[in-house]
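Asker: Residue numbers (our numbering), protein chains in the order written: chain A, 1 to 137; chain B, 138 to 274; chain C, 275 to 411.
A virtual CB, placed ideally from N, CA and C, is assigned to each residue, including glycine.
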Amino acid sequence: MSFLKEYTFKTQGNTDIIDITPHLLEFIEEAGITEGIVSVFVRGSTGAISVIEYEPNLVKDFKEAMERIAPEDKDYHHHKTWGDYNGHSHIRASVVGCSETLPVSNGQPLLGQWQQLVLIDFDTGPRTRTVIMASSD
Amino acid sequence: MSFLKEYTFKTQGNTDIIDITPHLLEFIEEAGITEGIVSVFVRGSTGAISVIEYEPNLVKDFKEAMERIAPEDKDYHHHKTWGDYNGHSHIRASVVGCSETLPVSNGQPLLGQWQQLVLIDFDTGPRTRTVIMASSD
Amino acid sequence: MSFLKEYTFKTQGNTDIIDITPHLLEFIEEAGITEGIVSVFVRGSTGAISVIEYEPNLVKDFKEAMERIAPEDKDYHHHKTWGDYNGHSHIRASVVGCSETLPVSNGQPLLGQWQQLVLIDFDTGPRTRTVIMASSD
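#1: Three Cβ pairs or more, each shorter than 8 Å: is that satisfied between the segment 353 to 361 of chain C and the segment 41 to 60 of chain A?
#2: Considering D121/A, what are the terminal residues of the beta strand (DSSP E) in which it resides?
#3: Could you pull out every residue in the same chain whose Cβ sits closer than 6 Å to the Cβ of A305/C, ignoring the five residues on either side in sequence?
#4: Whose C-alpha, out of A65/A, W82/A, A70/A, H78/A, is nearest the C-alpha of H351/C?
#5: Where do the ends of the beta strand (DSSP E) carrying T145/B lie?
#6: Could you list which residues in chain B have their beta carbon closer than 8 Å to that of E481/C, in chain order?
#7: Measuring only between beta-carbons, confirm whether F178/B sits less than 8 Å from chain C.
#8: Shortest alpha-carbon distance to I257/B belongs to which of S187/B, Y191/B, L161/B, P159/B?
#9: So, at 7 Å on beta carbons, what are the nonlocal neighbours of A367/C in its own chain, with the 5 sequence-adjacent residues on each side left out?
#10: I'd like to know whether the C-beta atoms of V268/B and V179/B end up nearer to each other than 8 Å.
#11: Using the Cβ count rule (16 or more neighbours within 10 Å means buried), how would you classify Q252/B?
#12: Let's test the definition: count the other Cβ atoms within 10 Å of the Cβ of D411/C and tell me whether it reaches 16, buried, or not, exposed.
#13: Could you check whether the Cβ of S373/C sits closer than 8 Å to any Cβ belonging to chain A?
#14: May I have a chain-ordered list of the beta strand (DSSP E) segments no shorter than 3 residues that lie completely inside the segment 149 to 228 of chain B?
#15: Taking just the CA atoms, how far does V314/C sit from S373/C?
Here it is as structure tokens:
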């Protein structure tokens with residue numbers, strides 16, 4: 001059986017990283033899952049879903065690592081298509097990925113203590129992001 | 138309940154990127170899913186599944202980004218094993234990942250407007266690729 | 275219906291890569307899945323799950339690629355938080371990802387011949403890692 005819910009988040013862009021673990025806990029409770037999986041997906045091609053130890057210094061490191069993988073100031077071909085200068089955002093999003101699937105047991109996600117579920121907004125400015133959580137049990 | 142189907146694609150290699158969103162739509166209809174998830178997986182260790190805005194300039198940017206992450210002309214140790222000179226293909230595939238899981242609601246995938254599901258062939262020449270879609274609802 | 279099981283592995287850290295395909299086969303048999311999906315997840319923010327051709331030379335290449343993506347000797351901000359000098363481990367883990375979802379048909383995972391499911395430990399020393407497999411069929 002599947003239960004599905006959408007969440008929206010105000011994001012700031014520029015590799016803004018938001019801890020959405022509280023929403024996962026709320027989702028699991030509302031879905032009433034005891035044993036199963038939850039798939040988490042971000043809508044939008046410049047967003048990503050990942051799991052990270054959510055602490056400010058590592059968040060800084062993550063941003064710097066993304067800058068090495070896809071530098072912001074590069075002259076991306078994509079800029080010729082829409083002129084929105086977010087080529088780096090798209091590349092980073094595809095490398096990190098748009099979904100993760102997490103196990104649930106005894107009504108709790110089996111995340112480690114230092115493992116937070118995060119939404120990442122790689123785009124260049126503020127926007128509203130939609131995350132979809134879907135259970136299967 | 139689960140429904141599963143295999144699709145084959147003729148790919149050209151060298152980070153060939155194919156929009157397989159039409160097959161996802163077809164799959165969801167055939168599976169008869171209203172609410173649930175679809176997991177998409179590529180068979181083969183030099184292929185990947187991702188989501189990207191599928192437009193020619195970004196596709197070019199993606200190829201260049203992959204070249205920075207795992208350059209083609211590097212002398213990979215793997216070449217000593219089989220002599221097939223696709224070390225870069227394997228590395229790129231593992232970094233991007235072999236699966237994504239997407240939510241479905243009202244019989245439609247909850248993809249963003251600019252978010253296409255793609256099969257990527259990182260190998261060095263043409264081949265036939267198998268993608269498996271599996272639903273859970 | 276969902277079936278879920280935890281596996282523990284002794285890992286050495288430093289991008290230690292362990293082939294856990296035998297555990298996947300065992301899991302599928304024990305879960306009694308004929309058609310469906312298995313989601314594989316690693317607990318801990320410095321571990322990752324991926325699929326790779328598991329042969330020693332490619333394993334070496336993968337380690338070198340990770341060193342390019344997030345060098346070990348960089349002075350990460352994260353080191354100021356805990357002093358555990360594993361900033362590179364966290365970045366690599368988030369880039370590779372903590373989960374993959376694999377299809378099963380006729381009681382077998384639909385992996386390619388050269389496609390092994392692996393647990394990667396990016397941390398800096400030996401530890402015990404927990405992997406959770408969860409089926410949905």
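Answerer: Walking through what the data contain:
#1: In this structure the segment 353 to 361 of chain C lies against the segment 41 to 60 of chain A, because at least three pairs of beta carbons, one per stretch, are closer than 8 Å.
#2: Start and end: 116 to 121.
#3: These residues qualify, in order along the chain: F277, S409.
#4: Of the candidates A65/A, W82/A, A70/A, H78/A, the one whose C-alpha sits nearest the C-alpha of H351/C is A65/A.
#5: T145/B -> beta strand (DSSP E) spans 139 to 148.
#6: Residue 481/C is absent from the model: chain C starts at 275 and stops at 411.
#7: Chain C contact via Cβ: present.
#8: Taking the Cα of I257/B as reference, the smallest distance to any Cα among S187/B, Y191/B, L161/B, P159/B is reached at S187/B.
#9: Around A367/C, the same chain offers S319, T320, G321, A322, F396 as residues with beta carbons nearer than 7 Å, after the five sequence neighbours per side are excluded.
#10: Closer than 8 Å, so yes.
#11: Counting Cβ neighbours within 10 Å, Q252/B comes out buried, since at least 16 surround it.
#12: Classification of D411/C: buried, given that the 10 Å Cβ count is 16 or more.
#13: It does: the Cβ of S373/C has a partner Cβ on chain A nearer than 8 Å.
#14: Taking only runs of at least 3 residues, the beta strand (DSSP E) segments lying wholly in the segment 149 to 228 of chain B are 153 to 156, 173 to 180, 184 to 189.
#15: If you take the alpha carbons of S373/C and V314/C, they lie about 5 Å apart.
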